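J.:
Numbering (our numbering), first residue to last: 78 to 309.
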């Protein structure tokens with residue numbers, strides 16, 4: 078068996094063992110992920126609020142489905158597609174963490190010379206890349222959402238905090254779902270449990286995607302009415 082085959086087999090065993098372990102105490106695992114995801118969400122929302130307060134509104138108005146024209150399923154599909162890309166990025170962070178922290182060390186253990194050196198160095202570099210990519214994602218989201226909130230608040234002539242409060246019914250579950258894989262990655266990396274991250278990828282995506290579907294529907298078909306109520 079080659080070193081790569083051994084790493085693959087070991088990864089499958091680790092994932093199965095992890096799923097069985099979590100199946101015996103699912104509530105504990107989900108609560109840990111959920112609380113950390115909620116903390117990340119709170120930090121992001123605060124950053125969005127601060128950026129919105131400091132930003133100058135864009136004079137070009139937003140045209141929103143359900144507000145300026147009738148909402149269609151296609152609009153919800155567009156929201157779901159956009160959020161799915163972010164979820165995929167955060168899920169890939171889990172996969173990369175598994176490869177860098179678990180799979181590569183297994184492969185390197187059966188190598189010598191130059192190729193072992195390459196595998197030993199590739200893991201930390203991959204983890205550093207994941208950290209940088211995730212940080213960039215969070216900063217970009219805060220900047221884009223903050224600028225959009227500033228423009229919407231001016232467009233509807235309401236305070237920023239009131240606008241964000243009206244958007245919470247879809248924004249809160251949406252962000253919790255998007256950050257669930259990231260929370261799993263942070264917990265596993267802090268404990269050195271890299272071998273559990275492939276299982277975390279499957280579980281968090283399976284939980285998060287249906288939540289994103291519901292959140293997209295709320296954003297397109299329910300939240301517009303809350304925005305219109307702000308003007309009354």
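Virtual Cβ for every residue (Gly too), placed ideally from N, Cα, C.
As the structure is a computational prediction, the values presented were derived from the model and not from experiment.
Can you list the beta strand (DSSP E) stretches of 3 or more residues lying completely in the segment 209 to 275, in chain order?
T.: For the segment 209 to 275, not a single whole beta strand (DSSP E) run of length 3 or above is found.
J.: Just confirm the distance between the C-beta atoms of residue 227 and residue 132, as a whole number of angstroms; I'd bet it's less than 8 angstroms.
T.: As a first step, residue 227 must be located in the chain shown, where it is residue number 150. As a first step, residue 132 must be located in the chain shown, where it is residue number 55. Indeed, because the Cβ distance is near 4 angstroms, the residues count as touching under 8 angstroms.
J.: With a CB to CB cut of under 8 angstroms and the five nearest residues on each side skipped, what residues in its chain are close to residue 111?
T.: In the chain shown, the residue the question calls residue 111 occupies position 34. Taken in chain order, the residues that qualify are 253, 257 and 260.
J.: Taking the DSSP output, what are the residues bridged to residue 142?
T.: Counting from 1 along the chain shown, the entry for residue 142 is found at position 65. DSSP output for residue 142 lists 146 as bridge partner(s).
J.: If you run the structure through DSSP and keep just helix, strand and coil, what is residue 134?
T.: Against the chain shown, residue 134 aligns to sequence position 57. Coil at residue 134, not helix or strand.
J.: Give the secondary structure of residue 102 by DSSP, where H, G and I count as helix, E and B as strand, and everything else as coil.
T.: Taking the first residue of the chain shown as position 1, residue 102 is located at position 25. If DSSP states are grouped into helix, strand and coil, residue 102 belongs with coil.
J.: Can you give me the C-alpha to C-alpha distance between residue 143 and residue 171, rounded to a whole angstrom?
T.: Taking the chain shown and counting its residues from 1, one reaches residue 143 at position 66. Taking the chain shown and counting its residues from 1, one reaches residue 171 at position 94. The alpha-carbon atoms of residue 143 and residue 171 are separated by roughly 36 angstroms.
J.: With C-beta atoms as the reference, is residue 281 less than 8 angstroms away from residue 168?
T.: Translated into positions along the chain shown, residue 281 becomes position 204. Translated into positions along the chain shown, residue 168 becomes position 91. Yes, Cβ-Cβ distance for residue 281 and residue 168 is below 8 angstroms.
J.: In chain order, what residues of the same chain have a beta carbon less than 8 angstroms from the beta carbon of residue 246, not counting five sequence neighbours either side?
T.: Locating residue 246 in the chain shown gives position 169, where the first residue counts as 1. So the qualifying residues of the chain are 295, 299, 300 and 303.
J.: Three Cβ pairs or more, each shorter than 8 angstroms: is that satisfied between the segment 220 to 238 and the segment 148 to 157?
T.: As far as the Cβ criterion goes, the segment 220 to 238 does not touch the segment 148 to 157, which means the pair count is below three.
J.: Pick from 125, 135 and 95: whose alpha carbon is nearest that of residue 216?
T.: Numbered from 1 along the chain shown, position 139 holds the residue referred to as residue 216. Per the Cα distances, 125.
J.: For residue 299, name the three-state secondary structure that DSSP assigns.
T.: In the chain shown, counting from the first residue as 1, residue 299 sits at position 222. Three-state DSSP puts residue 299 in coil, outside helix and strand.
J.: Does residue 232 pass the burial test, meaning 16 or more other C-beta atoms within 10 Å, or should it be called exposed?
T.: Within the chain shown, residue 232 is the residue found at index 155, counting from 1. Result: buried.
J.: Rounded to the nearest angstrom, what separates residue 286 and residue 138 at their Cα positions?
T.: In the chain shown, residue 286 corresponds to position 209, counting from 1. In the chain shown, residue 138 corresponds to position 61, counting from 1. Near 30 angstroms, if we compare the C-alpha coordinates of residue 138 and residue 286.
J.: Around the Cβ of residue 174, are there at least 16 other Cβ atoms within 10 angstroms (buried) or fewer (exposed)?
T.: Numbered from its first residue, the chain shown carries residue 174 at position 97. Residue 174 should be labelled buried.
J.: Quick check on residue 118: buried or exposed, where buried means 16 or more other Cβ atoms within 10 Å of its Cβ?
T.: Position 41 of the chain shown, counted from the start, is the residue given in the question as residue 118. Buried.
J.: Take the Cβ of residue 165 as the centre, count every other Cβ of all protein chains shown within 10 Å, and call the residue buried at 16 or more, exposed below.
T.: Against the chain shown, residue 165 aligns to sequence position 88. Burial call: exposed.
J.: For residue 221, tell me which candidate among 91, 99 and 127 has the shortest Cα-Cα distance.
T.: Here the question's residue 221 lines up with position 144 in the chain shown. Here the closest residue by C-alpha is 127.
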